[in-house]
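J.: Positions 183 to 924 (this note's numbering) are the ones given, in order, by the sequence shown.
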Amino acid sequence: MKTGKRFLSLLLAVIIAVSGICAVNIAIASAADYTSASTLLSGIATTGSLTETGVKNWYRFTAPASSTEITFTHDAKSDTGAYFRVQVFTEANAAAATSPNAREDSLGTDGTKTISVNTTQGSSYYVSVEATSTNAVNLSYTVKYSAAVNQEKESNDTTASATNLTIGAATKGVCSSNTDVDYYAVTLSESLYLDVKLAHTAVPNVTSKYFIVTIFASDGTTRVESFESLGKQATSSLSDLDSVGEYGVPLAPGKYFIKVEDGGAVSGAEYQITAITTPIPDHDDEVENNNTQSTANAIRSGMPMLAALNQTKEGTKDTDDFFKFTIDTPAIVGVTLSHAVKSSSGVYYRVELLNTAGEQIDSFKSLGNDSTVAGSKKFVSVGTYYIHVYRDPSAGDIDSILTYSLNVEIAKVSGAEEEANDDFTSANAIRCGTATESTYYHASLQTAEDKDYFKFTINRGYVYVNFFSEDGGECNTVYQATIYVLSENAGLVEHYKIFDFDVTYVDGQFKSGCIGLDSGTYYIVVDHKSYDATKQGAYGVGIQYTEYNGYETELNNTAATADNFEKGENMLYINASCFDTSDNDWFKFKTEKKIKFTVNCRREYTNAEKVAGVKDPSEYKWNVEVYNAADLSKHIISSSFTSYKDMAETETLEPGTYYVRVTGVSSAFSNKNYFVFLTFEEDPGPLNIITIIINLVRTIRNLDWSAWKPFLDWLKNIDWVQSVKIWYNAIKRVIEFIKIIR
183 MKTGKRFLSL LLAVIIAVSG ICAVNIAIAS AADYTSASTL LSGIATTGSL
233 TETGVKNWYR FTAPASSTEI TFTHDAKSDT GAYFRVQVFT EANAAAATSP
283 NAREDSLGTD GTKTISVNTT QGSSYYVSVE ATSTNAVNLS YTVKYSAAVN
333 QEKESNDTTA SATNLTIGAA TKGVCSSNTD VDYYAVTLSE SLYLDVKLAH
383 TAVPNVTSKY FIVTIFASDG TTRVESFESL GKQATSSLSD LDSVGEYGVP
433 LAPGKYFIKV EDGGAVSGAE YQITAITTPI PDHDDEVENN NTQSTANAIR
483 SGMPMLAALN QTKEGTKDTD DFFKFTIDTP AIVGVTLSHA VKSSSGVYYR
533 VELLNTAGEQ IDSFKSLGND STVAGSKKFV SVGTYYIHVY RDPSAGDIDS
583 ILTYSLNVEI AKVSGAEEEA NDDFTSANAI RCGTATESTY YHASLQTAED
633 KDYFKFTINR GYVYVNFFSE DGGECNTVYQ ATIYVLSENA GLVEHYKIFD
683 FDVTYVDGQF KSGCIGLDSG TYYIVVDHKS YDATKQGAYG VGIQYTEYNG
733 YETELNNTAA TADNFEKGEN MLYINASCFD TSDNDWFKFK TEKKIKFTVN
783 CRREYTNAEK VAGVKDPSEY KWNVEVYNAA DLSKHIISSS FTSYKDMAET
833 ETLEPGTYYV RVTGVSSAFS NKNYFVFLTF EEDPGPLNII TIIINLVRTI
883 RNLDWSAWKP FLDWLKNIDW VQSVKIWYNA IKRVIEFIKI IR
């Protein structure tokens, strides 16, 4: 029965509170036991009465703040004797009804009694009401609770005389004149979000400033944030600002001051001010004094560090914050800084990533109207690193506390460079991937002077050198990669430069042209193209490799180092590429017979080029020349071919050694592949009269002219004067042969 009545009372109270029909609950039956106490709703008066003396009605509430007010009301009588006793207990003391937190007797002449009690926000408390006089029996009363409203204590015109605020409890104040200011103090024992709310009687349509509220650091001069309250606004708060989150500003442990001043529109206006705190999710707090590398705070990967600049510590302004982290395996490191958005577009923060020696690895800046800014991701090796955050002195708000959140993400990687790999002797050995996939190695140029050396060993074939950016996206040319070959000459080890190319990311990727290499050991040297620490982050380098004898080997730029053609059926062939207009590709072949041969060149263009449309062939052209080894100063054949047109030139060669030279005419052909092949057949020779007669007989007997095809094809490629001589000699020899037979 008690449970049902309690539920009914609670349900009706909720309905009334939500609907706003009435601010008073209906009368409830007495609850003589605290375990069946009726629940009070904040600010809602609940009606009750007692049928006899010596019994209690019990009520329960959840403390809204660290100070709570219980308001008890009954009809005032002329009797000055005690009518009711009102007591407040913690849950632990309610059972025995002893050691109340507060106790007040309400006299007959008292219409309203207000009881203030210190409470723990969020905890349960119990109120007992007892009739101490028969005159109070069946006398109706109401009871309600609310967060206590404190009162400012004048004179609180300076930080030294500031009125202490109780978190969550409203405090009444008044700016008695245009020059009156009120200071309040609030102390945070841990890092918390702080919000400040100000309420006053709204004046419709008045848009002028009634109050200005400013939060200061412990020195009373360094500003944290401020907001205004207009005449038409019944309430305003710090969290209403666009630059502040819904919970207010995050602040480190310490003492802060809140200044309320007249906005100039009215004087003598009353207000209520409330300070509210909210826990900050998982984070670490900066510990001052961390103004140097030697006093740097440790920062954890993935755990935000809440910190602030311009806090006054030991009489000096904090203008630098240092944090450190140590890694035991190579890793990719990214630093991010977040802060409240300011109206200014000036530089507010500068951030540096430093190595153990204090040398800058990365740097970036955050503008006032930024929210979150990240630096470049950097590959770093084993060691201790530092993050330096400092205030840019050129921007505004120089006297304001600049609260920020700093985060470092450390991702450990496998396949990483090992410093110092700054020369050929200390080059890192890397493993080549397959024809379709690279095995990437993570690296980073950590200073303007840093170079990275890698080496790999292969059999003859071709490779592609691939790069990727840890940051992704597109950027200007940032690296230059150079390939060297290791060679021993007369016992002297030398490194010959083959060629170099620029690395420019598109969607975070770069792929070199196809590079043909002979069997041996090669080096890739990565250097800055133009140093900009804000754009050059960690990179990955990898090699696609295919073992293949039919591709040119670089350093074939002279006849002495020419590549041999590979032999196929009735043909010689080779694949190659020109890297720029200075790249000459030489190839050689040898014939022991007189031959008729055709040199063919072509290049297959890519789908992307097809989509883009056929370019002007005159802009995309290679030159092809054929030389006799006996005289390299004069070519036998000189022709050209383009991306979209094959070349075929035919010539008759005497036995000997010959060279084919290919050069790119336009730099547009950089890193473009092409294919050269020679088709050949033995020259039938005009004096081979026996072959002619045999073919003639076959033709007459079988009516088969196909046997003449090689000879006729050969005839088509010589001039008519020579043709007449050949036919004359052939006929003459046929006649002589017939005479001999006869």
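Glycine included, C-beta positions come from ideal geometry on N, C-alpha and C.
Just so it is clear, the structure is predicted and the values come from calculations on it, not from any experiment.
Between R532, T621, T740 and H570, which has its C-alpha nearest Y727's C-alpha?
T.: The alpha carbon of Y727 has as its nearest neighbour, out of R532, T621, T740 and H570, the alpha carbon of T621.
J.: When you compare only the Cα positions, how much space is there between D422 and T294?
T.: 36 Å
J.: Distance check for T508 and S449, CA to CA, integer angstroms please.
T.: For S449 and T508, the distance between alpha carbons rounds to 58 Å.
J.: Within 10 Å of its beta-carbon, does S758 have 16 or more other beta-carbons around it, so buried, or fewer, so exposed?
T.: Sequence inspection shows Ala at residue 758; the Ser mentioned does not correspond to that position. A758 comes out buried.
J.: Who are the near neighbours of T928 in its chain, counting only those whose CB is closer than 6 Å to its CB and skipping five residues on each side?
T.: Residue 928 is absent from the structure shown; the chain starts at 183 and stops at 924.
J.: Please classify N216: does DSSP put it in a helix, a strand, or coil?
T.: Reading off the sequence, residue 216 comes out as Tyr, not Asn. Helix, per DSSP.
J.: By DSSP, does P799 sit in helix, in strand, or in coil?
T.: At P799, the pLDDT of 45 sits below 50, so the modelled position is not reliable; the number obtained from the coordinates is stated separately. The answer is helix: DSSP assigns P799 an H, G or I state.
J.: Count the other CB atoms, across all protein chains shown, that sit within 10 Å of the CB of D364; report buried if there are 16 or more and exposed otherwise.
T.: buried
J.: Please classify A211: does DSSP put it in a helix, a strand, or coil?
T.: Interpretation of A211 is limited by its pLDDT of 42, a score under 50 that renders its predicted location unreliable; no figure is taken from the coordinates.
J.: Per the DSSP calculation, L321 is bridged to which residue(s)?
T.: Under DSSP, no beta-bridge partner is assigned to L321.
J.: Identify, in the order they occur along the chain, each residue of the same chain with its Cβ nearer than 8 Å to the Cβ of Y567, setting aside the five sequence neighbours on each side.
T.: Same-chain partners within the cutoff: K506, F507, T508, I509, V515, L535, L536, N537, T538 and I543.
J.: Pull up the CB-CB distance for T235 and A329, whole angstroms please, since I reckon it's below 8 Å.
T.: With 8 Å as the limit, T235 and A329 do not qualify as a contact, their Cβ atoms being about 32 Å apart.
J.: With distances taken from CA atoms, which of G427, H382 and V555 is nearest E410?
T.: H382
J.: Kindly indicate which three-state DSSP category L420 falls into: helix, strand or coil?
T.: helix
J.: List the residues that DSSP assigns as beta-bridge partners of Y704.
T.: F638 and V667
J.: Quick check on DSSP: helix, strand or coil for T477?
T.: helix
J.: Going by C-alpha distance, which of V685, C614 and S651 is nearest Y661?
T.: V685
J.: Quick check on the burial criterion: 16 or more other C-beta atoms within 10 angstroms. Buried or exposed for L627?
T.: buried
J.: In this structure, does DSSP put G186 in helix, strand or coil?
T.: Note that G186 scores 42 on pLDDT, short of 50, meaning its location in the model is unreliable and no value can be drawn from it.
J.: Going along the chain, which residues of its own chain have a beta-carbon closer than 8 Å to the beta-carbon of L814, five neighbours each way excluded?
T.: A741 and Y841
J.: Of all the options S371, T518, S358 and T228, which has the alpha carbon lying nearest to the alpha carbon of G445?
T.: S358
J.: I need the straight-line Cα distance from L699 to N766, nearest angstrom please.
T.: 15 Å
J.: Are the CB atoms of S288 and F271 nearer to each other than 8 Å?
T.: no
J.: Going straight from the alpha carbon of L193 to that of I226, what length do you get?
T.: The pLDDT assigned to L193 is 38, lower than 50, so where the model puts this residue is not dependable, and the model offers no usable value.
J.: If we ignore side chains and look at the alpha-carbon of each, how far apart do Y375 and S483 end up?
T.: 23 Å
J.: Here's the rule I'm using: 16 or more other beta-carbon atoms within 10 Å means buried, otherwise exposed. How should K524 be labelled?
T.: Under this definition K524 is a buried residue.
J.: Decide if the segment 377-392 is in contact with the segment 461-471; the criterion is three or more beta carbon pairs, one per stretch, under 8 Å apart.
T.: In short, these stretches do not touch, since the Cβ pair count stays below three.
J.: For E336, I'd like the list of residues in its chain whose CB is within less than 6 Å of its CB, leaving aside the five on either flank, ordered along the chain.
T.: none
J.: Closest by CA to M487, which one among T253, Q333 and H521?
T.: Taking only the C-alpha atoms, the option nearest M487 is H521.
J.: The beta strand (DSSP E) with L284 in it runs from where to where?
T.: According to the sequence shown, residue 284 is Ala rather than Leu. Where A284 is concerned, the enclosing beta strand (DSSP E) stretches over A284 to L289.
J.: What is the residue span of the beta strand (DSSP E) that N239 lies within?
T.: K238 to T244
J.: Name the two residues that bound the continuous beta strand (DSSP E) containing N766.
T.: N766 to T773
J.: I need the boundaries of the alpha helix (DSSP H) containing A720, first residue and last residue.
T.: No alpha helix (DSSP H) holds A720; DSSP gives it neither H nor E.
J.: DSSP three-state call for S315: helix, strand or coil?
T.: coil
J.: Assuming the contact rule is C-beta atoms closer than 8 Å, T501 and G402 should be a hit. Round their C-beta distance to whole Å, please.
T.: Rounded, the Cβ-Cβ distance is 19 Å, inconsistent with contact.
J.: To the nearest angstrom, how far is the alpha carbon of N855 from that of G695?
T.: If you take the alpha carbons of N855 and G695, they lie about 8 Å apart.
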